[in-house]
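First the structure, in the form of structure tokens, and then the observations on it.
Protein chains: 2
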Amino acid sequence: MASAVTPRNEDYSQWYLDIVKNANLASNSAVRGCMVIKPYGFGIWERMQRQLDDMFKETGHQNAYFPLFIPKSFLSKEAAHVEGFAKECAVVTHYRLMNAPDGSGVIVDPEAKLEEELIVRPTSETIIWNTYRDWVTSYRDLPLLINQWANVVRWEMRTRLFLRTAEFLWQEGHTAHATAEEAQAETLQMQEVYATFAEEYMAMPVIRGYKTENERFAGADNTYTIEALMQDGKALQAGTSHNLGQNFAKAFDVKFANKDNQEEYVYATSWGVSTRLIGGLIMTHSDDEGLVLPPRLAPIQVVIIPIPKPNEALDAKAAELLAAFKARGVRVSYDSDDTKRPGFKFAENELKGIPVRLGLGSRDLENGTIEVARRDNKTKESQPLEGIVDHVVSLLDDIQNNLFQRALDFRTAHTHHVDTFEEFEAILNRDIPGFIYAHWDGTTETELKIKEMTKATIRCIPNDAPEEAGKCILTGKPSHRRVIFAKAY
Amino acid sequence: MASAVTPRNEDYSQWYLDIVKNANLASNSAVRGCMVIKPYGFGIWERMQRQLDDMFKETGHQNAYFPLFIPKSFLSKEAAHVEGFAKECAVVTHYRLMNAPDGSGVIVDPEAKLEEELIVRPTSETIIWNTYRDWVTSYRDLPLLINQWANVVRWEMRTRLFLRTAEFLWQEGHTAHATAEEAQAETLQMQEVYATFAEEYMAMPVIRGYKTENERFAGADNTYTIEALMQDGKALQAGTSHNLGQNFAKAFDVKFANKDNQEEYVYATSWGVSTRLIGGLIMTHSDDEGLVLPPRLAPIQVVIIPIPKPNEALDAKAAELLAAFKARGVRVSYDSDDTKRPGFKFAENELKGIPVRLGLGSRDLENGTIEVARRDNKTKESQPLEGIVDHVVSLLDDIQNNLFQRALDFRTAHTHHVDTFEEFEAILNRDIPGFIYAHWDGTTETELKIKEMTKATIRCIPNDAPEEAGKCILTGKPSHRRVIFAKAY
Ligand SMILES: [Zn+2]
Ligand SMILES: [Zn+2]
Chain A
49 MASAVTPRNE DYSQWYLDIV KNANLASNSA VRGCMVIKPY GFGIWERMQR QLDDMFKETG
109 HQNAYFPLFI PKSFLSKEAA HVEGFAKECA VVTHYRLMNA PDGSGVIVDP EAKLEEELIV
169 RPTSETIIWN TYRDWVTSYR DLPLLINQWA NVVRWEMRTR LFLRTAEFLW QEGHTAHATA
229 EEAQAETLQM QEVYATFAEE YMAMPVIRGY KTENERFAGA DNTYTIEALM QDGKALQAGT
289 SHNLGQNFAK AFDVKFANKD NQEEYVYATS WGVSTRLIGG LIMTHSDDEG LVLPPRLAPI
349 QVVIIPIPKP NEALDAKAAE LLAAFKARGV RVSYDSDDTK RPGFKFAENE LKGIPVRLGL
409 GSRDLENGTI EVARRDNKTK ESQPLEGIVD HVVSLLDDIQ NNLFQRALDF RTAHTHHVDT
469 FEEFEAILNR DIPGFIYAHW DGTTETELKI KEMTKATIRC IPNDAPEEAG KCILTGKPSH
529 RRVIFAKAY
Chain B
49 MASAVTPRNE DYSQWYLDIV KNANLASNSA VRGCMVIKPY GFGIWERMQR QLDDMFKETG
109 HQNAYFPLFI PKSFLSKEAA HVEGFAKECA VVTHYRLMNA PDGSGVIVDP EAKLEEELIV
169 RPTSETIIWN TYRDWVTSYR DLPLLINQWA NVVRWEMRTR LFLRTAEFLW QEGHTAHATA
229 EEAQAETLQM QEVYATFAEE YMAMPVIRGY KTENERFAGA DNTYTIEALM QDGKALQAGT
289 SHNLGQNFAK AFDVKFANKD NQEEYVYATS WGVSTRLIGG LIMTHSDDEG LVLPPRLAPI
349 QVVIIPIPKP NEALDAKAAE LLAAFKARGV RVSYDSDDTK RPGFKFAENE LKGIPVRLGL
409 GSRDLENGTI EVARRDNKTK ESQPLEGIVD HVVSLLDDIQ NNLFQRALDF RTAHTHHVDT
469 FEEFEAILNR DIPGFIYAHW DGTTETELKI KEMTKATIRC IPNDAPEEAG KCILTGKPSH
529 RRVIFAKAY
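One line per chain: the protein sequences are A and B, in this order. Start counting the first sequence at 49; every next residue gets the next number (the numbering used here). Start counting the second sequence at 49; every next residue gets the next number (the numbering used here).
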């Protein structure tokens with residue numbers, strides 16, 4: 049079982065796929081690029097959803113649902129948007145099948161051709177702003193603070209489970225505001241909600257920044273991002289929040305009467321995170337033994353294993369512990385399968401990333417002790433059974449904090465400031481390149497040239513980047529702040 | 049506002065649409081047959097989801113997610129299934145758009161044609177059983193108890209918000225078992241979960257029964273159903289649970305080694321309820337003033353209205369009440385909008401179906417009283433402010449029970465036993481026809497003839513239908529139990 053994971057330093061991509069497969073998180077399906085999210089993987093997504101949903105509601109948002117299909121012509125209404133999304137999308141052209149005349153199965157009924165093709169949503173700005181036109185007439189109707197949990201489809205050519213799939217699950221917030229200031233405040237608020245979620249729940253430190261013009265969402269005036277660093281030294285864009293200005297309001301003619309009774313276009317934001325987060329979670333914490341999960345998102349936080357195998361006394365004690373843990377809100381399970389030996393179960397539970405393992409033996413019962421093993425640093429200790437629930441509850445917090453600190457230390461160790469292109473290339477050629485703070489002259493031309501030469505992209509300009517005079521690492525032209533480069537997923 | 053609802057006895061269909069529209073539940077979209085579920089309507093769906101999901105988990109099920117798309121050839125693998133679902137489905141034929149050479153917008157890129165067309169799932173048996181083949185090898189892998197929350201598409205020609213839409217939201221359970229007995233027990237268990245949910249949460253009484261061969265799910269050996277009666281005397285199929293036997297296992301070659309190490313095909317069930325339930329909820333309880341919601345599913349259970357308008361003393365008392373209600377888990381809001389008069393707010397809150405309205409006036413404050421109005425029977429009473437939270441909490445239970453009892457009484461009053469075809473037709477010709485228990489000779493031929501003559505279908509054979517000798521109302525042939533006929537949605 050555990051030995052089925054390829055070590056990271058041998059083949060990082062295979063390590064990732066081994067974990068996804070062997071921890072039973074997801075698998076490929078019969079449909080190219082579409083994944084099956086298995087119950088254990090979906091359990092992680094459910095915890096993410098529940099927490100994010102609570103945070104969205106605390107910030108005043110409500111959920112709604114908009115159609116899966118978008119009329120083809122809608123995509124063309126916002127000029128930048130169509131360039132960004134029309135390339136790779138699933139197109140519905142017919143609405144009926146029929147039996148093949150030769151009896152070979154079913155074929156598309158040529159008579160059932162749609163007048164206008166429908167696109168399976170790659171993102172919903174267009175259909176939603178077409179709807180908002182009917183919902184907004186006055187400033188009293190604003191703000192509209194709406195979120196949708198949905199599936200979307202982007203026809204990616206190279207896919208990887210969770211990280212890049214043709215269909216994925218996500219949430220997309222779409223808000224409408226009376227002023228540019230409110231839209232900007234909303235955009236930043238949702239970036240901060242994402243950052244808080246990433247750091248406090250995923251234990252994944254992120255940099256809050258904004259994208260260069262070249263990397264912006266198609267149709268946005270500004271795209272804010274949270275960027276995380278994976279263990280192979282590549283960046284992962286973990287969530288984005290876009291200030292859409294009046295672009296979609298103009299494209300879909302959404303106006304409102306302001307307090308002075310004058311007509312104005314509405315200001316918009318949109319923001320989203322997806323099942324890609326699960327990929328980020330895996331790559332932030334896991335090790336060569338398998339998945340490592342932060343306690344706050346782990347479907348099972350504690351597993352109790354009878355040693356060497358279940359018996360009446362151990363079962364009774366375990367039942368007592370299960371009840372005590374559940375009363376404290378801890379997600380706990382008892383592995384009473386008597387066809388597997390403890391060593392096998394240990395490896396299996398490590399593979400699944402269960403944060404705390406309790407080994408309960410007959411001798412322990414006599415001594416009033418229990419063995420407590422942490423998944424994060426793989427230490428073990430014997431603890432008194434008395435007070436074990438309190439001990440484990442506080443241990444879960446320690447593990448959550450340790451995972452965050454470990455990831456932060458990793459990021460710190462792999463964050464570099466360079467002032468020459470030679471240093472820049474040298475860092476990028478390392479096994480684990482990381483984040484590079486460097487000066488850039490602010491032009492898309494230079495950005496693209498650097499990308500072409502090194503595969504590194506500008507991940508973001510940090511929200512809090514200090515003013516600092518310098519020279520672009522490629523062109524030597526003046527720059528007044530550093531931006532962050534990295535290779536990225 | 050409230051006057052915008054057409055009375056039921058004037059035009060029932062329009063009454064329904066008026067409520068959906070004016071209570072802000074849903075609207076049609078730019079895509080034919082696809083609806084937008086607005087925040088208030090989605091709030092009801094969220095409560096349904098949360099409760100059903102808890103019930104599924106209590107009965108041992110886990111959630112997972114399977115692809116939106118199904119390869120066309122999969123539909124043909126189960127002979128009955130393809131007949132049932134191939135007719136009306138959205139077909140993806142291409143995966144890319146391109147700019148039109150004449151600059152007129154985007155067109156489908158003819159070079160990006162899929163080798164095999166993809167169907168947008170109308171239901172997921174085929175893609176899921178194709179996956180289960182990889183998941184099941186031994187009896188130790190069984191049962192598989194899996195549920196999915198998803199959107200599905202059926203290209204309906206005549207649509208009505210919530211009741212019949214091209215895209216709808218639902219859950220679909222798909223389980224795999226080692227024996228026919230277990231599959232049958234699961235099928236009945238999930239029918240009972242649905243019935244419990246309908247009766248205890250929706251306050252909608254249902255008949256538990258099973259379908260005739262003609263009305264079965266395409267690919268099922270047996271389809272169990274819960275059937276509710278709407279206020280216009282038509283039946284609504286509110287949820288179904290299918291025993292699929294070994295049909296899908298054979299179609300997708302899913303076998304397991306049993307305890308005797310012999311290969312057998314796996315036994316299957318599937319079961320689902322959808323956003324159609326919201327249509328049933330509306331039509332069970334609402335009246336000519338608007339929506340009526342059972343407290344357990346109401347997004348807002350109690351609204352407090354300051355009379356005649358907000359002031360400091362009323363706001364302070366309301367804040368205190370809000371906190372006290374929230375502490376008891378009551379979903380409460382304070383309508384402090386001072387641009388609308390109380391009468392307008394009363395009508396608005398009636399339209400939205402908020403179960404309890406509290407009118408808080410300055411004189412009340414002096415007297416230590418508050419006006420309590422019930423939405424269900426529109427009675428009002430003055431109550432002491434002291435202990436008001438306890439009073440309202442228990443009132444919410446009363447309302448929940450009253451709505452159920454009222455719906456049950458309505459059903460009882462509109463349930464008939466007939467023994468001749470003349471009586472049968474006479475009942476069906478009434479304004480509110482209802483359920484008709486009658487004898488039927490058991491043939492599809494007779495069933496279809498009755499449907500053609502009267503538009504009534506056999507809704508179900510009740511699970512607990514007693515043996516009773518009789519003669520078919522149409523053919524006079526012998527029958528040994530009554531079945532339930534009705535006109536239906
Ligand atoms: Zn430095
Ligand atoms: Zn009778």
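Idealized CB from N, CA, C, for every residue including glycine.
Chain A partners of residue i, CB-CB under 7 Å?
i: residue 153 of chain B; result: 121 and 124
i: residue 274 of chain B; result: Under the 7 Å cutoff, chain A gives no residues; its nearest Cβ is about 24 Å from residue 274 of chain B.
i: residue 399 of chain B; result: Residues of chain A passing the Cβ test: none, with the nearest at roughly 17 Å.
i: residue 179 of chain B; result: 77 and 84
By DSSP, does residue i sit in helix, in strand, or in coil?
i: residue 61 of chain B; result: helix
i: residue 432 of chain B; result: strand
i: residue 189 of chain B; result: helix
i: residue 122 of chain A; result: helix
i: residue 441 of chain B; result: helix
i: residue 332 of chain B; result: helix
i: residue 297 of chain B; result: helix
i: residue 480 of chain A; result: coil
Could you spell out the range, first to last residue, of the alpha helix (DSSP H) harbouring residue i?
i: residue 180 of chain B; result: 173-183
i: residue 87 of chain B; result: 87-106
i: residue 492 of chain A; result: 492-502
i: residue 390 of chain B; result: 390-400
i: residue 245 of chain A; result: 228-248
i: residue 381 of chain A; result: No alpha helix (DSSP H) contains residue 381 of chain A, which is instead part of the beta strand (DSSP E) from 380-382.
i: residue 365 of chain B; result: 360-375
Could you tell me how far apart the beta carbons of residue i and residue j are, in whole angstroms, since I believe they sit closer than 8 Å?
i: residue 441 of chain B; j: residue 431 of chain B; result: So it is not a contact: roughly 13 Å between Cβ atoms.
i: residue 272 of chain B; j: residue 509 of chain B; result: Between residue 509 of chain B and residue 272 of chain B the Cβ distance is about 10 Å, and since that is not below 8 Å, they are no contact.
i: residue 90 of chain B; j: residue 112 of chain A; result: 5 Å
i: residue 408 of chain B; j: residue 365 of chain B; result: 6 Å
So residue i contacts chain A; which residues on that side make the cut at Cβ distance below 9 Å?
i: residue 203 of chain B; result: 143, 144 and 160
i: residue 392 of chain B; result: Within chain A, no residue comes near residue 392 of chain B; the closest Cβ sits about 14 Å away, beyond 9 Å.
i: residue 351 of chain B; result: Near residue 351 of chain B there are no residues of chain A at all, since even the closest Cβ is about 17 Å away, more than 9 Å.
What are the start and end residues of the beta strand (DSSP E) that includes residue i?
i: residue 505 of chain B; result: 505-510
i: residue 533 of chain A; result: 530-534
i: residue 215 of chain A; result: 215-225
i: residue 422 of chain A; result: 417-422
i: residue 71 of chain A; result: Looking at the DSSP string, residue 71 of chain A is not in any beta strand (DSSP E), and its letter there is neither H nor E.
Just to make sure I have the definition right: I need the residues of chain B whose C-beta is within less than 8 Å of the C-beta of residue i. Which are they?
i: residue 111 of chain A; result: 87, 90, 91 and 94
i: residue 82 of chain A; result: 115, 116 and 117
i: residue 175 of chain A; result: 77, 78 and 79
i: residue 194 of chain A; result: 87
For residue i, go through chain B and note every residue whose CB falls closer than 7 Å to its CB, in chain order.
i: residue 378 of chain A; result: Those within 7 Å of residue 378 of chain A in chain B number zero; the least Cβ separation is about 17 Å.
i: residue 402 of chain A; result: By Cβ distance, chain B contributes nothing, its closest Cβ being about 16 Å from residue 402 of chain A, past 7 Å.
Whole angstroms are fine: how far does the CA of residue j sit from the CA of residue i?
i: residue 481 of chain B; j: residue 465 of chain B; result: 12 Å
i: residue 518 of chain B; j: residue 83 of chain A; result: 54 Å
i: residue 291 of chain B; j: residue 177 of chain B; result: 14 Å
i: residue 145 of chain A; j: residue 521 of chain B; result: 38 Å
i: residue 525 of chain B; j: residue 288 of chain B; result: 30 Å
i: residue 260 of chain B; j: residue 499 of chain B; result: 13 Å
i: residue 95 of chain B; j: residue 218 of chain B; result: 13 Å
Quick one: list the residues of chain A neighbouring residue i, beta-carbon separation under 8 Å, in chain order.
i: residue 458 of chain B; result: By Cβ distance, chain A contributes nothing, its closest Cβ being about 31 Å from residue 458 of chain B, past 8 Å.
Which residues in chain B sit within 9 Å of residue i, going by Cβ to Cβ distance?
i: residue 217 of chain A; result: 113
i: residue 156 of chain A; result: 120, 139, 141 and 165
i: residue 134 of chain A; result: 144, 145, 146, 147 and 154
i: residue 168 of chain A; result: 116, 117, 138, 140 and 168
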